[in-house]
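Residue numbers (mature numbering (1 follows the signal peptide of the UniProt record, and there is no 0)): -40 to -1, 1 to 335.
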């Protein structure tokens, strides 16, 4: 299932970039509008208060606990100091997440921010939330059902960045050797979105030797799938690996090492996990896709506060997205960025995601010097 903005099919790639940049600009204006609406003449937040429920899908991907949760909580407090936040992690269990949603509604949550563990399985719970008058903001993944707002990154562009980087890294070997596709969890619509974007770049330019879905975006499952690919193709035939995210990339690398491979083929990733950034410095992983989590968390918090106050979320979300069940969902789609060893400093370090000291631990100092992170 591929989920695209309503007008995405009618724009060129250049037009898409321009439109997304405009969305970011209007997002800033929208956030200012929300902030000012909450303030009196003295600039302090109003006295209104309500509860925001935050539901994240797993602990498998480090970003959920390490980045998204604290950033959303921080921004909620800035926009609505008297609001409270309930938090739950589904641990990759859709049934548990439905129970968590019911519990939050029962406890009086006024609005929910939901990153669905299974975007189809939570449909009935979202319908229950709507009946209870509780709007739901879909976060990062677009769940089915009557969603009130959606914030994510352009998944097609994520896949294209990965495909373009892989082609560049493979160079003349692109036609001579196989690519292994290590896709995400098929229960996530984002997985199909990423894969479609990657294939739009790779089609007719490389030979796809094997393609696997990775249940739960799990490093362990990725390791198992990659071991199967190695057995089927042999390490010598594998010229590159399109890994959908950094957790999957980690499993790919351990499988290759277990097979005796010391010089890694180009391997992609996504999420800019700290371990992945260190692997890029070491030369084990070629690239990752950086998605500025603060911008995503800021947009989600702003939309949640607006919905909780009964305001029009379209002051923040200036584009629309269609799901299989709901049309024209007010949306913010942000721009991802490719990161290689040469651009870590200009992206992740510059944006304050990590410091050089965090990346360049003692055993990586020589590699960091080579990458220009230490001078």
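We put the beta carbon where it would ideally sit given N, CA and C, even for glycine.
Length of the line joining the Cα atoms of residue i and residue j
i	j	result
residue 165	residue 293	28 Å
residue 123	residue 129	10 Å
residue 316	residue 100	28 Å
residue 300	residue 247	5 Å
residue 37	residue 262	11 Å
residue 142	residue 63	36 Å
residue -35	residue 199	Caution is warranted here: a pLDDT of 40 is assigned to residue -35, below 50, making its placement in the model unreliable, and no coordinate value can be reported.
residue 185	residue 327	30 Å
residue 44	residue 10	6 Å
residue 28	residue 253	6 Å
residue 334	residue 132	32 Å
residue 320	residue 258	29 Å
residue 228	residue 67	42 Å
residue 103	residue 111	11 Å
residue 35	residue 255	10 Å
residue 219	residue 157	30 Å
residue 237	residue 97	30 Å
residue 160	residue 314	32 Å
residue 107	residue 32	19 Å
residue 114	residue 250	12 Å
residue 14	residue 196	46 Å
residue 308	residue 91	42 Å
residue 291	residue 192	42 Å
residue 243	residue 216	14 Å
residue 74	residue 187	34 Å
residue 281	residue 116	13 Å
residue 287	residue 329	51 Å
residue 8	residue 69	14 Å
residue 57	residue 46	13 Å
Same chain only: Cβ atoms within 6 Å of residue i, ignoring 5 sequence neighbours per side
i	result
residue 270	none
residue 233	22, 206
residue 151	143, 144, 145
residue 71	12, 95, 264, 267, 268
residue 231	23, 205, 206
residue 81	54
residue 173	143, 146
Cβ-based burial, residue i [other Cβ within 10 Å; buried from 16]
i	result
residue 120	buried
residue 84	exposed
residue 322	exposed
residue 183	buried
residue 272	exposed
residue 149	buried
residue 318	exposed
residue 189	buried
residue 109	buried
residue 136	exposed
residue 325	exposed
residue 105	buried
residue 283	buried
residue 93	exposed
Contacting residues, own chain, Cβ-Cβ under 7 Å from residue i (five flanking each side not counted)
i	result
residue 52	17, 18, 20, 77, 176
residue 214	183
residue 245	209, 213, 227, 229, 236, 239
residue 3	For residue 3, the predicted structure reports a pLDDT of 32, less than 50, and the residue's modelled location is therefore unreliable. A value from the coordinates is still provided. If we look at residue 3 and ignore the five residues flanking it on each side, it has no Cβ neighbours.
residue 171	141, 143
residue 118	154, 157, 230, 249, 296
Neighbourhood of residue i by C-beta, 8 Å cutoff - its chain only, sequence neighbours within 5 removed
i	result
residue 162	123, 126, 127, 139, 168, 202
residue 332	302, 305
8 Å Cβ cutoff, residue i in contact with chain C
i	result
residue 186	You won't find chain C in this structure, because it holds only one protein chain.
If we count Cβ pairs, one from each stretch, closer than 8 Å, do we get three or more for the segment 205 to 212 versus the segment 171 to 181? Counting Cβ pairs under 8 Å, three or more are found: they touch.
With a floor of 4 residues, list each alpha helix (DSSP H) that falls wholly inside the segment 192 to 257, ordered by position along the chain. List check, alpha helix (DSSP H) in window: 206 to 218, 234 to 242.
With three or more C-beta pairs closer than 8 Å as the rule, is the segment 210 to 225 touching the segment 276 to 295? The segment 210 to 225 and the segment 276 to 295 do not touch, with fewer than three beta-carbon pairs separated by less than 8 Å.
Uninterrupted beta strand (DSSP E) stretches inside the segment 136 to 195 (no shorter than 3 residues): Entirely contained in the segment 136 to 195, the beta strand (DSSP E) runs reaching 3 residues are, in chain order, 138 to 142, 167 to 172.
Would you list, in sequence order, the uninterrupted alpha helix (DSSP H) runs of no fewer than 4 residues that lie entirely inside the segment 10 to 43? Those alpha helix (DSSP H) runs which fall completely within the segment 10 to 43 and span 4+ residues are 29 to 39.
What ranges does the beta strand (DSSP E) occupy inside the segment 269 to 297, keeping only unbroken runs of at least 3 residues that lie completely in it? With a minimum length of 3 residues, the continuous beta strand (DSSP E) runs that stay inside the segment 269 to 297 are 279 to 281, 289 to 294.
Length-filtered (3 minimum) beta strand (DSSP E) runs lying within the segment 43 to 92: Qualifying beta strand (DSSP E) stretches, in chain order: 44 to 49, 71 to 74.
Which runs of the alpha helix (DSSP H) spanning at least 4 residues fall entirely within the segment 88 to 134, listed in chain order? Those alpha helix (DSSP H) runs which fall completely within the segment 88 to 134 and span 4+ residues are 115 to 130.
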